[in-house]
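Asker:
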């Protein structure tokens, strides 16, 4: 059975896949390394001074790499796609493919299939391998955090990392391990029974089982406070103590050092340690549990807040009848009560209100914590899908941008990749936090970054397929120049090779026509006066004269640009570029001008801008006349006419 043409793998497809895959392998490990360094930076404070073995660090890096595959792969695809299509464009390979009649979407097709497969692999990592690696990783991190630091006593400062002791060493010999001028405060039995040891020198070693520190002290003294037994000594300000001198003394300090793997079974309840089936089961259980707790809290609040309490004292009973009453008029009872009883009742009710408020605050915090845990499970469930889909979305951003930019290497691609990923990170983090706190719907928070980047990818793909210059800086410069009303200057240079000399007599006559046209136009339209609103918004047909004059002036400059006279070239550059529509209606449609007038602030801004253009046209016309006269004089002086 013969496969259709679009399903066949051709040599061009293999070439594209090979180029992309080689770059993807490199960028993936680069991105993974960056994420690993970020993870290490988060936990570096717990690593310092722990004396960790190489196998512990190897476990950390390996497990961290496995858990970060889902985050590193989309960024690697984005960077690889940018570099691949940037290289194709820079080496004109993309142009050759298009010249052969192959559209951009067909060129992207094999890589889109590859990225879809990578998305499935990413999903497998996140759903099957990732949760198991996450538990082991956080078990290692928890064990590292619980491990005691290595004893590395600094010089000249007190060291308090050993529980119950405070050590001071003035000098150390790193080669022999000897310590000099030692002072030790033993606070294990409390401040009142402090023991102080002073020694000229000493040495500290750790036992083989890493459970004790043996401190050998030489030539020192021991000071110890003695307990006070009689009343006379209690009144005396002097505290009895014991002093002991020694030549050599050995102090055993219990110290649990080294690294030991902790039990991380409690981490199995975390959302990140579960696959999608476990997450769905946990979501159902947590939803049922939270609903039951919330209903119980509601019933308790209703019962405590609105239930009539029969807690009157014997004194209060004097205000009520002795018979069993089905209804008590509280206002009447309060009105006949004494001031002391009223004050006591108010105080009691105020205390009850405060207790109720405190109880409701506690229950509110408990419910918020339960809801946050439930939202985390839902977000992690969605995250496994969005990160996998991100592989395809990032490809449809990177490939079209690479085809548009046409720059290979690590310059533009890295810059665009970082900017895109920062945008993705901002929206993803904001959506995650808002959804976790219950401010947004879960699906909005989980899909926020995808909803932003997916239309962006489709736009880039459409524009690149149409060969649009969406990233053409000249087009943006032109747009902002027109928007801000910036002036454009002529750029006429002296040519080294001239084929046809200018027709100076004809140009002389053209300059006379331009001067007459400009002068008559200024007088007729009274450009010095402030125009009326109707003149600005509803004037039509007056631009024809200016358009013709502008075209004549441009043609004159182009022809006289072939002149060998340097002073003529200088005068040509002084001629302004005249805006042909400086006095026409600012908006093309008549109804748009009407709307602009009705919307007063917008119409005012357009009117001011039109007046500025009108006065600028006046200055340009005057300068054109003056420069044209100078050109005519120069042509006469140099005998060109």
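Residue numbers (the numbering used here): 69 to 709.
Virtual Cβ for every residue (Gly too), placed ideally from N, Cα, C.
Note that this is a predicted model, so its numbers are computed, not measured.
#1: Quick one: what's got a C-beta closer than 6 angstroms to residue 468's C-beta in the same chain, skipping five residues either side?
#2: Since I believe residue 526 is in contact with residue 495 (beta carbons under 8 angstroms), could you give me their beta-carbon distance rounded to a whole number of angstroms?
#3: With DSSP as the reference, label residue 89 as helix, strand or coil.
#4: In chain order, what residues of the same chain have a beta carbon less than 8 angstroms from the beta carbon of residue 559, not counting five sequence neighbours either side?
#5: Report all residues from its chain with a CB closer than 6 angstroms to the CB of residue 208; omit the five preceding and five following residues, and keep chain order.
#6: What does the Cβ neighbour count give for residue 631, buried or exposed, with the cut at 16 atoms within 10 Å?
#7: Give me the Cα-Cα distance between residue 272 and residue 258, rounded to the nearest whole angstrom.
#8: What does the alpha-carbon distance come out to for the pair residue 457 and residue 450?
#9: To which residues does DSSP link residue 253 through a beta bridge?
#10: Where does residue 420 fall in DSSP's three states?
#11: Which of the three DSSP states is assigned to residue 379 in this structure?
#12: With 16 other CB atoms within 10 Å as the buried threshold, where does residue 443 fall?
#13: Can you tell me which of 475, 211, 682 and 246 puts its alpha carbon nearest to the alpha carbon of residue 267?
#14: Sort 149, 506, 501 and 290 by Cα distance to residue 459 and report the nearest one.
#15: Go to residue 509, then tell me how far its alpha helix (DSSP H) extends in each direction, as first and last residue.
#16: On a CA-only basis, which of 265, 342 and 85 is nearest residue 193? Give me that one, please.
#17: Three-state secondary structure (DSSP) at residue 288?
#18: Give the DSSP-derived three-state secondary structure of residue 368 in the structure shown.
#19: Would you kindly check if the distance between the Cβ of residue 190 and the Cβ of residue 137 is under 8 angstroms?
#20: Compare the C-beta of residue 153 against all C-beta atoms of chain B and say whether one is closer than 8 angstroms.
#21: Decide yes or no for the touch test of the region 427 to 440 against the region 351 to 371: beta carbon pairs closer than 8 angstroms, at least 3 of them.
#22: Would DSSP call residue 321 helix, strand or coil?
#23: So is residue 183 buried or exposed if we call it buried at 16+ other beta carbons inside 10 Å?
#24: I'd like the list of long-range same chain contacts for residue 446, defined as Cβ closer than 7 angstroms, with 5 residues on each side in sequence excluded.
#25: When the Cα atoms are used, what is the spatial distance from residue 111 to residue 344?
#26: Looking at C-alpha atoms only, which residue of 491, 697 and 440 is the closest neighbour of residue 505?
#27: Using the beta-carbon count (16 or more within 10 Å), is residue 692 buried or exposed?
#28: Alpha carbon to alpha carbon, what distance is there between residue 683 and residue 597?
#29: If the criterion is Cβ atoms closer than 8 angstroms, does the pair residue 256 and residue 232 meet it?
#30: Considering just the uninterrupted stretch of the alpha helix (DSSP H) at residue 337, what are its terminal residues?
#31: Between residue 168 and residue 339, what straight-line distance do the alpha-carbon atoms span, to the nearest angstrom?
#32: At 4 residues or longer, what runs of the alpha helix (DSSP H) sit wholly inside the region 442 to 518?
#33: Using the Cβ count rule (16 or more neighbours within 10 Å means buried), how would you classify residue 139?
#34: Out of 204, 346, 162 and 686, point me to the one whose CA is closest to residue 592's CA.
#35: Quick check: the Cα distance between residue 574 and residue 484, rounded to an integer number of angstroms?
Answerer: Taking the definition as stated:
#1: Result list for residue 468: 528, 529 and 532, in chain order.
#2: Approximately 17 angstroms separates the beta-carbon atoms of residue 495 and residue 526; this is outside 8 angstroms, ruling out the contact.
#3: Here residue 89 sits in helix by DSSP.
#4: Excluding sequence neighbours, residue 559 sits near 641.
#5: Result list for residue 208: 127 and 128, in chain order.
#6: Classification of residue 631: buried, given that the 10 Å Cβ count is 16 or more.
#7: Near 24 angstroms, if we compare the C-alpha coordinates of residue 258 and residue 272.
#8: A direct Cα-to-Cα measurement between residue 457 and residue 450 gives close to 11 angstroms.
#9: Partner(s): 234 and 264.
#10: The answer is helix: DSSP assigns residue 420 an H, G or I state.
#11: Any reading at residue 379 must be qualified, since the residue scores a pLDDT of 49, below 50, and its modelled position is unreliable; the value itself is stated next. Residue 379 sits in coil when the DSSP states are folded into three classes, being neither helix nor strand.
#12: Result: buried.
#13: The closest CA to that of residue 267, considering only 475, 211, 682 and 246, is found on 246.
#14: Relative to residue 459, the option among 149, 506, 501 and 290 whose CA is nearest is 149.
#15: Neither: residue 509 is in no alpha helix (DSSP H) and is coded neither H nor E.
#16: Here the closest residue by C-alpha is 342.
#17: Residue 288: strand per DSSP, three-state reduction.
#18: Here residue 368 sits in helix by DSSP.
#19: Pairing residue 137 with residue 190 gives a Cβ-Cβ distance under 8 angstroms.
#20: In the structure shown, chain B cannot be found, because there is only a single protein chain.
#21: Using a C-beta cut-off of 8 angstroms, the region 427 to 440 makes contact with the region 351 to 371, since at least three inter-stretch Cβ pairs fall below that distance.
#22: The DSSP-derived three-state label of residue 321 is strand.
#23: Per the 10 Å Cβ criterion, buried.
#24: Once the five neighbours on either side are set aside, the close Cβ partners of residue 446 are 351 and 510.
#25: Rounded to the nearest angstrom, the two C-alpha atoms are 28 angstroms apart.
#26: Nearest to residue 505 by alpha-carbon distance, out of 491, 697 and 440, is 440.
#27: Under this definition residue 692 is a buried residue.
#28: Distance between the alpha carbons of residue 597 and residue 683: 9 angstroms.
#29: Contact flag set, yes.
#30: No alpha helix (DSSP H) holds residue 337; DSSP gives it neither H nor E.
#31: Cα to Cα, residue 168 sits roughly 52 angstroms from residue 339.
#32: Annotation note: the region 442 to 518 contains the following uninterrupted alpha helix (DSSP H) runs of length 4 or greater, listed N- to C-terminal: 480 to 504.
#33: That one is buried.
#34: When 204, 346, 162 and 686 are compared, the shortest CA-CA separation from residue 592 is found for 686.
#35: One C-alpha to the other measures close to 54 angstroms.
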